[in-house]
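Trainee:
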Amino acid sequence: MSKKAFIFDLDGVVVDTAKFHFVAWQRLAASLDINFTEVENEQLKGVSRVRSLEKILAWGGKTIDAATFDSKLIEKNQEYLEMVETLTQTDILPGVHEFLLRLRSSGQPIALGSASKNARPILKKLGIYDLFDAIVDGTDVTKAKPDPEVFIKACQLLDMPAQNAIVFEDSIAGVQAANNAGMISIGLGDPENLKEADAVFSSFTEMPADYQEQLLKKVKK
Ligand code: BG6
Ligand code: MG
500 MSKKAFIFDL
510 DGVVVDTAKF
520 HFVAWQRLAA
530 SLDINFTEVE
540 NEQLKGVSRV
550 RSLEKILAWG
560 GKTIDAATFD
570 SKLIEKNQEY
580 LEMVETLTQT
590 DILPGVHEFL
600 LRLRSSGQPI
610 ALGSASKNAR
620 PILKKLGIYD
630 LFDAIVDGTD
640 VTKAKPDPEV
650 FIKACQLLDM
660 PAQNAIVFED
670 SIAGVQAANN
680 AGMISIGLGD
690 PENLKEADAV
700 FSSFTEMPAD
710 YQEQLLKKVK
720 K
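Position 177, counted from 1, in the sequence shown is what my numbering calls 676; the numbers after and before it change by one each time, with no gaps.
1) Within its chain, find whatever has a CB closer than 7 Å to the CB of Lys642; leave out the 5 residues flanking it on each side and keep chain order.
2) Less than 8 Å separating the Cβ of Asp629 from some heavy atom of ligand 1?
3) Between which residues of its own chain and Ile665 is the CB-CB distance below 6 Å, once the five residues before and five after are set aside?
4) Could you please go through the chain and list the residues whose beta-carbon is closer than 7 Å to any non-hydrogen atom of ligand 1?
5) Using only alpha-carbon positions, find the residue among Phe700, Glu691, Asn679 that is nearest to Lys719.
6) Rounding to the nearest angstrom, what Cα-Cα distance links Asp546 and Ser605 in this structure?
7) Taking 8 Å as the cut-off, does the CB of Gly673 come closer than this to any heavy atom belonging to ligand 2?
8) Out of Gly686, Val583, Glu537, Ala653, which has the shortest C-alpha to C-alpha gap to Ser613?
9) Count the other CB atoms, across all protein chains shown, that sit within 10 Å of the CB of Ser670; report buried if there are 16 or more and exposed otherwise.
10) Does DSSP put Val512 in a helix, in a strand, or in coil?
11) Quick one: residues in its chain with C-beta nearer than 6 Å to the C-beta of Asp697, no 5 flanking neighbours on either side, listed in chain order?
12) Rounded C-beta distance between Ile621 and Leu509? I'm assuming under 8 Å.
13) For Val549, collect the residues of the same chain with a Cβ closer than 8 Å to its Cβ; drop the 5 residues on either side in sequence, then sort them by chain order.
14) Residue range of the beta strand (DSSP E) that Leu687 falls in?
15) Residue range of the alpha helix (DSSP H) that Gly612 falls in?
16) Return the residue from the list Asn576, Ile533, Phe631, Thr562 that minimises the CA-CA distance to Leu600.
17) Which residue wins for smallest C-alpha separation from Ala661, given the options Pro608, Asn692, Asp709?
18) If you compare alpha carbons, which of Glu574, Asp629, Glu668 is closest to Pro645?
19) Distance, Cα to Cα, Val674 vs Asn692?
20) Within the same chain, show all residues whose beta-carbon is closer than 6 Å to that of Met706, passing over the 5 residues directly before and after it, in chain order.
21) If you measure from the CB of Glu691, is any heavy atom of ligand 2 nearer than 8 Å?
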């Protein structure tokens, strides 16, 4: 059977943590008197912690000194991690666990490709760390999505060529990163937001029963 590299983003694809990032960024923005809604939040999905704060400050037309910048990021991450503490296996997004188990049973290579520096502890907390053959997260990359570095590194670890990779993403930046690497991009979320993806589903449960087999034959247009 042919093989593809199956690469998964974490936040908003594997686990329902995108909502925690949103709440924590919204609190941070409010503390700086900056308006921040789901519309701006969409632009932060897939974006690193540092770059996210830079964007929020630019939207609000604010500048802060380096020490305040660092302390705001620490505060944001602490709030985020408090919410992460409440995670259980039930927060794995619908159909993902089954999808991963099926890939494993058919011997397909699986990687995580996330901007988050919290990815490894979150996967361990959810009990799915061992389902991934390779993990590339925010501690392993220097260039943020839409740069394809994270996904290219994942392919290297899996020893698979980029043109044989399929990336699952909920963010605009992540879909662009996959496209920039010449990988097949599968969006999870709103088709309007993710219109650059090769295909979009609202969740893994919406995919046809034979979708993994279809993906094995799929060629990037
Ligand atoms: C991405 C999220 O996966 O990771 C972003 O979509 C988040 O919202 C980024 O800011 C960095 O995550 P962390 O956990 O390192 O702050
Ligand atoms: Mg995401």
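Heads up, the beta-carbon is just placed ideally off N, CA and C, and yes, glycines get one too.
Here the structure is a predicted model, which is why all the values come from computation and not from measurement.
Mentor: For this structure:
1) In the sequence shown, counting from the first residue as 1, residue 642 sits at position 143. Take Lys642, set aside five residues on each side of it, and the residues of its chain with a beta-carbon closer than 7 Å to its own are Glu648, in chain order.
2) Numbered from 1 along the sequence shown, position 130 holds the residue referred to as residue 629. In this structure, the C-beta of Asp629 stays at least 8 Å away from each heavy atom of ligand 1.
3) Position 166 of the sequence shown, counted from the first residue, corresponds to residue 665. For Ile665, the CB contacts under 6 Å within the same chain, skipping 5 residues up- and downstream, are Lys503, Phe505, Ile683, Leu714 in chain order.
4) In chain order, the residues with a C-beta atom nearer than 7 Å to some heavy atom of ligand 1 are Asp508, Leu509, Asp510, Gly511, Ala517, His520, Leu543, Lys544, Gly545, Val546, Ser547, Arg548, Ser551, Asn576, Tyr579, Ser613, Ala614, Ser615, Lys616, Asn617, Gly637, Ser670.
5) Taking the sequence shown and counting its residues from 1, one reaches residue 719 at position 220. Taking only the C-alpha atoms, the option nearest Lys719 is Asn679.
6) Here residue 546 refers to the residue found at position 47 of the sequence shown. Here residue 605 refers to the residue found at position 106 of the sequence shown. Note that residue 546 is Val in the sequence shown, not Asp. For Val546 and Ser605, the distance between alpha carbons rounds to 32 Å.
7) Position 174 of the sequence shown holds residue 673. True, at least one ligand heavy atom lies under 8 Å from that Cβ.
8) On the sequence shown, position 114 is the one that residue 613 refers to. Residue nearest to Ser613 within the set Gly686, Val583, Glu537, Ala653 is Ala653 (criterion: CA-CA distance).
9) Here residue 670 is taken as the residue at index 171 of the sequence shown, counted from 1. When all chains shown are included, Ser670 counts as buried.
10) Counting from one through the sequence shown, the residue named residue 512 turns up at place 13. Reduced to three states, the DSSP call for Val512 is coil.
11) As a first step, residue 697 is located in the sequence shown; it is residue number 198 there, counting from the start. Within its own chain, the residues whose Cβ lies closer than 6 Å to the Cβ of Asp697, once the five positions on either side in sequence are excluded, are Ile683, Ser684, listed in chain order.
12) To locate residue 621, count along the sequence shown from 1; it is residue 122. To locate residue 509, count along the sequence shown from 1; it is residue 10. So it is a contact: roughly 7 Å between Cβ atoms.
13) As a first step, residue 549 must be located in the sequence shown, where it is residue number 50. Excluding sequence neighbours, Val549 sits near Leu572.
14) Locating residue 687 in the sequence shown gives position 188, counting from the first residue. That run of the beta strand (DSSP E) goes 683 to 687.
15) Within the sequence shown, the letter at position 113 stands for residue 612. Here Gly612 belongs to no alpha helix (DSSP H); instead the beta strand (DSSP E) covers 609 to 612.
16) As a first step, residue 600 is located in the sequence shown; it is residue number 101 there, counting from the start. The alpha carbon of Leu600 has as its nearest neighbour, out of Asn576, Ile533, Phe631, Thr562, the alpha carbon of Phe631.
17) Locating residue 661 in the sequence shown gives position 162, counting from the first residue. If we check each option's Cα against that of Ala661, Pro608 comes out closest.
18) For this step, residue 645 is matched to residue 146 along the sequence shown. The candidate whose alpha carbon is nearest that of Pro645 is Glu668.
19) Indexing the sequence shown from 1 puts residue 674 at position 175. Indexing the sequence shown from 1 puts residue 692 at position 193. Each residue's Cα considered, the two are about 10 Å apart.
20) As a first step, residue 706 must be located in the sequence shown, where it is residue number 207. Setting aside the 5 residues that flank it on each side, Met706 is surrounded in the same chain by Phe700, each with a C-beta closer than 6 Å to its C-beta; the list follows chain order.
21) In the sequence shown, counting from the first residue as 1, residue 691 sits at position 192. No, the beta carbon of Glu691 sits no closer than 8 Å to any heavy atom of ligand 2.
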